[in-house]
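Residues 4 to 256 in this note's numbering are what the sequence shown lists, from first letter to last.
Structure, as structure tokens:
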Amino acid sequence: MKKISVLVLLSLLTVNTTFAQSSLPPTDDELEGNLKYLRSGKSKDEKSIDEELKIKNYDLESGLSLDSYSTSKDSSRVSLLYNLNSNPMKAMDISGIEFQYAKRLDYAWWEFYGAQSSAIFSQVADDNSQFPTSTADDIANQTLTTTTVGTGLSYRTSLIQTLFESDNLFETMGAFVNYNNTSTELGESYSGFGMKADLGIHFRSSNTVHWGVRFNYNIAHVKRSATTSTETSSQGSLLLNWTSLAGDISFYF
Numbered sequence: 004m005k006k007i008s009v010l011v012l013l014s015l016l017t018v019n020t021t022f023a024q025s026s027l028p029p030t031d032d033e034l035e036g037n038l039k040y041l042r043s044g045k046s047k048d049e050k051s052i053d054e055e056l057k058i059k060n061y062d063l064e065s066g067l068s069l070d071s072y073s074t075s076k077d078s079s080r081v082s083l084l085y086n087l088n089s090n091p092m093k094a095m096d097i098s099g100i101e102f103q104y105a106k107r108l109d110y111a112w113w114e115f116y117g118a119q120s121s122a123i124f125s126q127v128a129d130d131n132s133q134f135p136t137s138t139a140d141d142i143a144n145q146t147l148t149t150t151t152v153g154t155g156l157s158y159r160t161s162l163i164q165t166l167f168e169s170d171n172l173f174e175t176m177g178a179f180v181n182y183n184n185t186s187t188e189l190g191e192s193y194s195g196f197g198m199k200a201d202l203g204i205h206f207r208s209s210n211t212v213h214w215g216v217r218f219n220y221n222i223a224h225v226k227r228s229a230t231t232s233t234e235t236s237s238q239g240s241l242l243l244n245w246t247s248l249a250g251d252i253s254f255y256f
């Protein structure tokens with residue numbers, strides 16, 4: 004009987020402790036953390052995994068709030084990008100334009116893109132005796148022109164809204180495979196496969212438009228036709244490797 008009384012007493016103490024803890028008011032830090040997500044009606048967890056945004060519309064003449072637009076209705080996207088070297092001191096040593104078309108899947112975007120870029124040789128490749136009749140300066144300062152087509156998947160999230168209080172901000176990340184054709188000023192054309200990864204931060208300014216910036220990492224292994232029967236693969240190839248920053252404007256429909 005004594006043991007039963009002790010067990011009952013312990014149970015009552017546990018229940019009372021749990022109730023006391025659950026009834027404590029939230030701390031200032033907890034309240035401040037929750038307030039960040041009240042504007043869009045999402046919890047912190049939903050901000051991390053849900054890419055849907057609510058675009059608020061207003062009648063400028065009357066000042067009244069109209070129905071908001073949900074980006075879950077987005078179906079396709081067309082984007083135009085202008086790329087520059089990620090090194091601001093040599094920004095124009097790499098430049099180019101890029102066109103993208105993206106189709107929305109359940110949780111990702113399937114993208115197709117074409118791009119053309121110009122780059123100073125020394126910014127994207129190292130001399131591996133491809134041009135034996137030219138000086139080192141001529142090789143380093145020549146311009147490479149590369150045309151690229153590729154496809155891949157990208158994903159859109161709203162994690163950045165945990166740092167900045169804006170319902171219109173979001174970020175994208177993507178990985179792509181591509182095929183490249185590169186022409187040089189001192190030699191023949193090169194071609195081969197490559198990859199691209201990008202990370203973007205964007206602002207959805209309306210139901211159909213976003214503006215943003217993207218950071219791109221690119222790598223490609225391109226080869227030319229062999230000039231002799233004894234030439235090895237490495238003697239007739241270039242490894243292109245560069246990073247760029249791009250301005251981005253996109254249209255949804």
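Where is the CB? At the ideal position from N, CA and C, for every residue including glycine.
Open item on the list: From the DSSP secondary-structure annotation, give me the bridge partner or partners of Gln103.
Closed with: Within the sequence shown, the letter at position 100 stands for residue 103. Looking at the DSSP assignment, Gln103 forms a beta bridge with Ser82, Tyr116.
TODO: Could you say if the segment 173-182 and the segment 129-147 meet the contact criterion of at least three C-beta pairs nearer than 8 Å?
DONE: no
TODO: With DSSP as the reference, label Tyr40 as helix, strand or coil.
DONE: Working through the sequence shown from its first residue, we reach residue 40 at position 37. Note that Tyr40 scores a pLDDT of 44, beneath 50, so its modelled location is shaky and nothing firm can be said.
Open item on the list: At the level of alpha carbons, what is the spacing between Leu172 and Leu202?
Closed with: Position 169 of the sequence shown holds residue 172. Position 199 of the sequence shown holds residue 202. Spanning the two alpha carbons is a distance of roughly 14 Å.
Task: Phe254 (DSSP reduced to helix, strand or coil) - done: The sequence position of residue 254 within the sequence shown is 251, counting from 1. Of the three classes helix, strand and coil, the one that applies to Phe254 here is strand, per DSSP.
Task: For Tyr220: DSSP bridge partner residues - done: Taking the sequence shown and counting its residues from 1, one reaches residue 220 at position 217. Note: Tyr220 sits in a beta bridge opposite Ala200, Thr246.
- [ ] My understanding is that Ser194 touches Lys226, with C-beta atoms under 8 Å, so please give their C-beta distance in whole angstroms.
- [x] On the sequence shown, residue 194 is found 191 positions in, with the first residue counted as 1. On the sequence shown, residue 226 is found 223 positions in, with the first residue counted as 1. Rounded, the Cβ-Cβ distance is 7 Å, consistent with contact.
- [ ] Just mark Asp251 as buried or exposed, buried being the case when its beta carbon has 16 or more other beta carbons within 10 Å.
- [x] Taking the sequence shown and counting its residues from 1, the one referred to as residue 251 is at position 248. Per the 10 Å Cβ criterion, buried.
Task: Contact check, Phe218 vs Thr246, beta carbons under 9 Å - done: As a working note, residue 218 is residue 215 in the sequence shown. As a working note, residue 246 is residue 243 in the sequence shown. Cβ atoms of Phe218 and Thr246: closer than 9 Å.
TODO: Tell me, to the nearest whole angstrom, how far the beta carbon of Glu114 is from that of Thr154; I am working on the premise that it is less than 8 Å.
DONE: If you number the sequence shown from 1, residue 114 lands on position 111. If you number the sequence shown from 1, residue 154 lands on position 151. At roughly 7 Å, the Cβ-Cβ gap stays under 8 Å, so Glu114 and Thr154 are in contact.
TODO: Run the CB neighbour count on Asn88, radius 10 Å, all protein chains shown included, and call it buried at 16 or more, exposed below.
DONE: Indexing the sequence shown from 1 puts residue 88 at position 85. Per the 10 Å Cβ criterion, buried.
Open item on the list: Given this structure, state the Cα-to-Cα distance separating Asp140 from Asn90, to the nearest angstrom.
Closed with: Here residue 140 corresponds to residue number 137 of the sequence shown, with the count starting at 1. Here residue 90 corresponds to residue number 87 of the sequence shown, with the count starting at 1. The straight-line gap from Cα to Cα measures roughly 21 Å.
Task: Beta-bridge partners of Met3, as assigned by DSSP - done: The requested residue 3 does not occur in the structure, where the chain is confined to residues 4 to 256.
Open item on the list: Taking 6 Å as the limit between beta carbons, can you name the residues of its chain near Gln103, skipping five residues before and five after?
Closed with: Position 100 of the sequence shown, counted from the first residue, corresponds to residue 103. Excluding positions up to five away in sequence, the list reads Ser82, Glu114, Tyr116.
Open item on the list: Are the CB atoms of Ile222 and Leu241 within a distance shorter than 9 Å?
Closed with: As a working note, residue 241 is residue 238 in the sequence shown. As a working note, residue 222 is residue 219 in the sequence shown. In this structure, Ile222 does not lie closer than 9 Å to Leu241 by Cβ.
Open item on the list: Tell me the DSSP secondary structure of Ala128 in three-state form.
Closed with: As a position in the sequence shown, residue 128 is number 125, starting the count at 1. Residue state, collapsed to three classes: coil.
Task: Beta-bridge pairing of Leu87 - partner residues as DSSP gives them - done: Locating residue 87 in the sequence shown gives position 84, counting from the first residue. DSSP lists Ser98, Leu248 as partners of Leu87.
- [ ] Just the C-alpha distance for Thr160 and Thr235, rounded to the nearest angstrom, thanks.
- [x] Translated into the one-based positions of the sequence shown, residue 160 becomes position 157. Translated into the one-based positions of the sequence shown, residue 235 becomes position 232. Distance between the alpha carbons of Thr160 and Thr235 is about 46 Å.
- [ ] Please state if the CB of Asn244 and the CB of Val152 are separated by a distance shorter than 9 Å.
- [x] Working through the sequence shown from its first residue, we reach residue 152 at position 149. Working through the sequence shown from its first residue, we reach residue 244 at position 241. Their beta carbons are not under 9 Å apart, which means Val152 does not touch Asn244 by this criterion.
Task: Spatial distance of Leu41 from Ser208 (CA atoms) - done: Within the sequence shown, residue 41 is the residue found at index 38, counting from 1. Within the sequence shown, residue 208 is the residue found at index 205, counting from 1. With a pLDDT of 44 at Leu41, under the threshold of 50, the predicted position of this residue should be treated as unreliable, though the coordinate-derived value follows. One C-alpha to the other measures close to 20 Å.
TODO: Decide if Ala94 is buried, meaning its Cβ has at least 16 other Cβ atoms within 10 Å, or exposed.
DONE: Translated into the one-based positions of the sequence shown, residue 94 becomes position 91. The residue is exposed, with fewer than 16 neighbouring Cβ atoms inside 10 Å.
TODO: Could you tell me how far apart the beta carbons of Ile142 and Leu189 are, in whole angstroms, since I believe they sit closer than 8 Å?
DONE: In the sequence shown, residue 142 corresponds to position 139, counting from 1. In the sequence shown, residue 189 corresponds to position 186, counting from 1. Right, the Cβ-Cβ distance comes to about 7 Å (below 8 Å), so this counts as a contact.
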